[in-house]
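Q: Numbering (the working numbering), first residue to last: 1 to 418.
Glycine included, every Cβ here is placed at the ideal spot set by N, Cα and C.
This is the structure I have questions about; it appears just below.
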């Protein structure tokens with residue numbers, strides 16, 4: 001007869017004390033072995049219907065089973081039995097946050113902190129909720145406390161530095177990013193933000209690691225955040241396209257740096273075939289959910305442009321080249337993929353202050369470009385500049401950000417006379 005405790009199987013609940021059974025159930029939950037965890041937790045609650053741990057973990061399990069109302073009720077029952085159960089308050093906050101109920105999540109996390117002041121994750125979660133609700137100054141103290149408790153929280157370093165920038169505290173922002181890089185020298189986001197706030201001008205473009213980390217984390221909230229910043233890059237691209245041709249759904253279109261698909265949606269009336277490319281898998285997934293694309297590719301943009309066998313009537317790119325300093329190589333890639341007489345419409349942030357810089361990496365982590373440099377790179381790539389309009393692309397620290405919407409073309413080469 002097979003041993004009940006053979007490798008790969010779980011001990012039967014009767015073979016364990018209640019604390020050991022709860023610990024095993026918690027481990028099984030971490031491993032997503034829900035059926036086994038449920039069996040053990042049912043036995044725990046059968047032995048003690050008011051077990052705070054049993055109620056708490058059964059509540060988490062029900063939420064994992066998409067039975068959130070039951071799960072919340074069970075965790076609240078655990079808290080009623082044990083009002084000082086900090087972990088239950090914390091996990092209830094996680095559940096409320098996942099359900100899009102931020103006020104209740106914030107209340108739960110604050111209660112967890114009152115009961116257990118040294119849980120770094122609770123401080124981080126309060127800070128994130130305050131930041132998302134626009135209470136940046138209040139969030140600072142919670143990010144700082146989270147980092148005191150756990151200096152390895154990359155998200156806390158990143159968001160704290162960004163808040164300092166938005167609060168017009170550049171020295172604090174720079175110090176935060178330098179401290180982060182000293183703790184995590186290989187982190188691409190830390191390196192990028194140190195460069196951005198130090199003004200060292202040594203980076204020709206944002207690293208792949210930075211872009212992937214930034215936008216994988218940003219994907220879920222990107223559309224909502226950009227709406228609050230009055231972002232209108234997609235509309236500017238569509239307006240420039242309307243000046244070239246009526247929408248007849250007859251173009252093969254490449255959305256270069258497609259993000260969540262906002263720009264692809266704006267030009268859909270012109271597209272017979274719409275392809276999107278982006279380095280962030282999470283952004284590509286959002287674009288797929290939005291729909292409208294015939295093809296979506298996860299790739300670094302320049303590498304895609306240099307290797308794809310596809311050709312396009314139109315290439316569009318909104319708010320993508322703000323992560324490139326040097327534009328020459330990526331523009332050559334666009335020219336390679338355009339059909340003769342194809343068009344290229346894109347936006348950049350406009351560098352128009354004095355000085356001789358072709359481009360500048362700004363403290364927010366984005367590049368701005370001088371119009372003369374953009375024109376030079378187009379010419380060197382074999383593209384003909386047609387038109388530029390200067391428009392506000394978004395708000396930054398409540399101030400308008402100047403941008404350029406540029407239209408260029410790959411004009412057919414005239415035959416040489418004999």
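Thinking just about the alpha-carbon of each residue, which of 76, 168, 153, 205 is nearest to the one in residue 181?
A: As a position in the chain shown, residue 181 is number 181, starting the count at 1. The shortest Cα separation from residue 181 among 76, 168, 153, 205 belongs to 153.
Q: When you compare only the Cα positions, how much space is there between residue 1 and residue 71?
A: What you label residue 1 is simply residue 1 of the chain shown in a count that begins at 1. What you label residue 71 is simply residue 71 of the chain shown in a count that begins at 1. Its pLDDT being 30, under 50, residue 1 is placed unreliably by the model, and the measurement read from it follows with that caveat. In a straight line, the C-alpha of residue 1 is about 38 Å away from that of residue 71.
Q: I need the straight-line Cα distance from residue 315 to residue 384, nearest angstrom please.
A: As a position in the chain shown, residue 315 is number 315, starting the count at 1. As a position in the chain shown, residue 384 is number 384, starting the count at 1. Residue 315 and residue 384: Cα-Cα distance of roughly 14 Å.
Q: Would you list the residues sitting across from residue 278 in a DSSP beta bridge?
A: Sequence index remark: in the chain shown, residue 278 carries index 278 (1-based). 298, per the DSSP bridge assignment.
Q: What residue does the alpha helix (DSSP H) around residue 420 start on, and which one ends it?
A: Nothing can be reported for residue 420: it is not among the residues displayed for the chain, which extend from 1 to 418.
Q: Measure the C-alpha to C-alpha separation of residue 293 and residue 159 and round it to an integer number of angstroms.
A: Translated into positions along the chain shown, residue 293 becomes position 293. Translated into positions along the chain shown, residue 159 becomes position 159. C-alpha separation (whole angstroms): 32 Å.
Q: In chain order, what residues of the same chain have a beta carbon less than 7 Å from the beta carbon of residue 398, not counting five sequence neighbours either side?
A: Here the question's residue 398 lines up with position 398 in the chain shown. Nothing listed; no residue qualifies.
Q: Quick one: residues in its chain with C-beta nearer than 7 Å to the C-beta of residue 131, no 5 flanking neighbours on either side, listed in chain order?
A: What you label residue 131 is simply residue 131 of the chain shown in a count that begins at 1. These residues qualify, in order along the chain: 139, 159, 163.
Q: Please list, in chain order, all residues of the same chain as residue 412 whose beta carbon is under 8 Å from its beta carbon, the five residues on each side excluded.
A: As a position in the chain shown, residue 412 is number 412, starting the count at 1. So the list reads 340, 341, once near-sequence residues are dropped.
Q: Between the alpha carbons of residue 382 and residue 335, how many angstroms are there, rounded?
A: Translated into positions along the chain shown, residue 382 becomes position 382. Translated into positions along the chain shown, residue 335 becomes position 335. Whole-angstrom Cα-Cα distance: 7 Å.
Q: Give every residue of the same chain whose Cβ lies closer than 8 Å to the Cβ of residue 379, excluding the five residues on either side of it in the sequence, and list them in chain order.
A: Numbered from 1 along the chain shown, position 379 holds the residue referred to as residue 379. Cβ within range, chain order: 385.
Q: Do the stretch 311 to 329 and the stretch 199 to 207 make contact, defined as three or more Cβ pairs closer than 8 Å?
A: Touching, yes.
Q: Does the contact criterion of 3 or more C-beta pairs under 8 Å hold for the stretch 277 to 284 versus the stretch 248 to 259?
A: In short, these stretches touch, since the Cβ pair count reaches three.
Q: Does the separation of the CB atoms of residue 115 and residue 86 fall below 7 Å?
A: In the chain shown, residue 115 corresponds to position 115, counting from 1. In the chain shown, residue 86 corresponds to position 86, counting from 1. Yes, they are a contact pair.
Q: Going by DSSP in three states, residue 134 sits in which element: helix, strand or coil?
A: Within the chain shown, residue 134 is the residue found at index 134, counting from 1. Correct three-state label for residue 134: coil.
Q: On the premise that residue 370 lies in contact with residue 359, defined as a C-beta separation below 8 Å, what is that separation, rounded to the nearest angstrom?
A: Translated into positions along the chain shown, residue 359 becomes position 359. Translated into positions along the chain shown, residue 370 becomes position 370. About 7 Å separates the two Cβ atoms, so the contact holds.
Q: Report the three-state DSSP secondary structure of residue 313 (helix, strand or coil).
A: Working through the chain shown from its first residue, we reach residue 313 at position 313. In this structure, residue 313 counts as strand in the three-state DSSP scheme.
Q: Excluding five sequence neighbours on each side, which residues of the same chain lie with their C-beta closer than 6 Å to the C-beta of residue 286?
A: Stepping through the chain shown from its first residue, residue 286 is reached at position 286. Excluding sequence neighbours, residue 286 sits near 219, 260.
Q: Rounded C-beta distance between residue 404 and residue 350? I'm assuming under 8 Å.
A: Working through the chain shown from its first residue, we reach residue 404 at position 404. Working through the chain shown from its first residue, we reach residue 350 at position 350. With a Cβ gap of about 5 Å, residue 404 and residue 350 count as contacting.
Q: Alpha carbon to alpha carbon, how far is residue 129 from residue 58? Give it in angstroms, no decimals.
A: For the purposes of this step, residue 58 is identified with residue 58 of the chain shown, where counting begins at 1. For the purposes of this step, residue 129 is identified with residue 129 of the chain shown, where counting begins at 1. Each residue's alpha carbon lies about 26 Å from the other.
Q: Contact check, residue 393 vs residue 233 under 8 Å by CB: the rounded distance?
A: Here the question's residue 393 lines up with position 393 in the chain shown. Here the question's residue 233 lines up with position 233 in the chain shown. That pair is a contact at about 6 Å.
Q: Helix, strand or coil: which one does DSSP assign to residue 271?
A: In the chain shown, the residue the question calls residue 271 occupies position 271. Looking at residue 271 - three-state DSSP - the assignment turns out to be strand.
Q: Determine the direct distance from the alpha carbon of residue 39 to that of residue 209, and round the result to whole angstroms.
A: One-based indexing of the chain shown puts residue 209 at position 209. One-based indexing of the chain shown puts residue 39 at position 39. Computed Cα separation, rounded: 42 Å.
Q: Indicate whether the contact test is met: 3 or more Cβ pairs, each with one atom in the stretch 59 to 69 and one in the stretch 87 to 100, closer than 8 Å.
A: Short answer: they touch.
Q: Quick check: residue 253 and residue 271, are their CB atoms within less than 7 Å of each other?
A: Within the chain shown, numbered from 1, the residue matching residue 253 stands at position 253. Within the chain shown, numbered from 1, the residue matching residue 271 stands at position 271. Yes. Within cutoff.
Q: For residue 89, which residues from the same chain have a beta carbon less than 6 Å from its beta carbon, with the 5 sequence-adjacent residues on both sides left out?
A: As a position in the chain shown, residue 89 is number 89, starting the count at 1. 108, 111, 112, listed in sequence order.
Q: Specify the secondary structure class of residue 261 as computed by DSSP and reduced to three states.
A: Along the chain shown, one-based indexing puts residue 261 at 261. Reduced to three states, the DSSP call for residue 261 is coil.
Q: Can you have a look at residue 225 and say buried or exposed, based on whether 16 or more other CB atoms are within 10 angstroms of its CB?
A: Locating residue 225 in the chain shown gives position 225, counting from the first residue. Classification of residue 225: exposed, given that the 10 Å Cβ count is below 16.
Q: Using CA atoms only, rank isn't needed, just tell me which of 35, 55, 275 is closest to residue 22.
A: Within the chain shown, residue 22 is the residue found at index 22, counting from 1. Comparing Cα positions, the closest option is 55.
Q: Could you check if residue 400 is buried or exposed, using at least 16 other CB atoms within 10 Å of its CB as the buried criterion?
A: Taking the chain shown and counting its residues from 1, one reaches residue 400 at position 400. With fewer than 16 other Cβ atoms within 10 Å, it is exposed.
Q: Which same chain residues, not among the five before or five after residue 418, have their C-beta less than 6 Å away from its C-beta?
A: Within the chain shown, residue 418 is the residue found at index 418, counting from 1. In this prediction, residue 418 scores a pLDDT of 42, lower than 50, which makes its location untrustworthy; no coordinate-derived value is stated.
Q: Applying the 10 Å Cβ sphere with the 16-neighbour rule, what's the burial state of residue 187?
A: Working through the chain shown from its first residue, we reach residue 187 at position 187. Residue 187 should be labelled buried.
Q: Residue 197 and residue 227: beta carbons closer than 7 Å?
A: Reading the chain shown from its first residue, position 197 is the one you call residue 197. Reading the chain shown from its first residue, position 227 is the one you call residue 227. No, Cβ-Cβ distance for residue 197 and residue 227 is not below 7 Å.
Q: Let me make sure I understand the geometry here. Which of 145, 53, 318 has the alpha-carbon closest to that of residue 263?
A: Stepping through the chain shown from its first residue, residue 263 is reached at position 263. Selected option, being the one with the closest Cα: 318.
Q: Per DSSP, which residues does residue 400 bridge with? Please list them.
A: If you number the chain shown from 1, residue 400 lands on position 400. Answer is 395.
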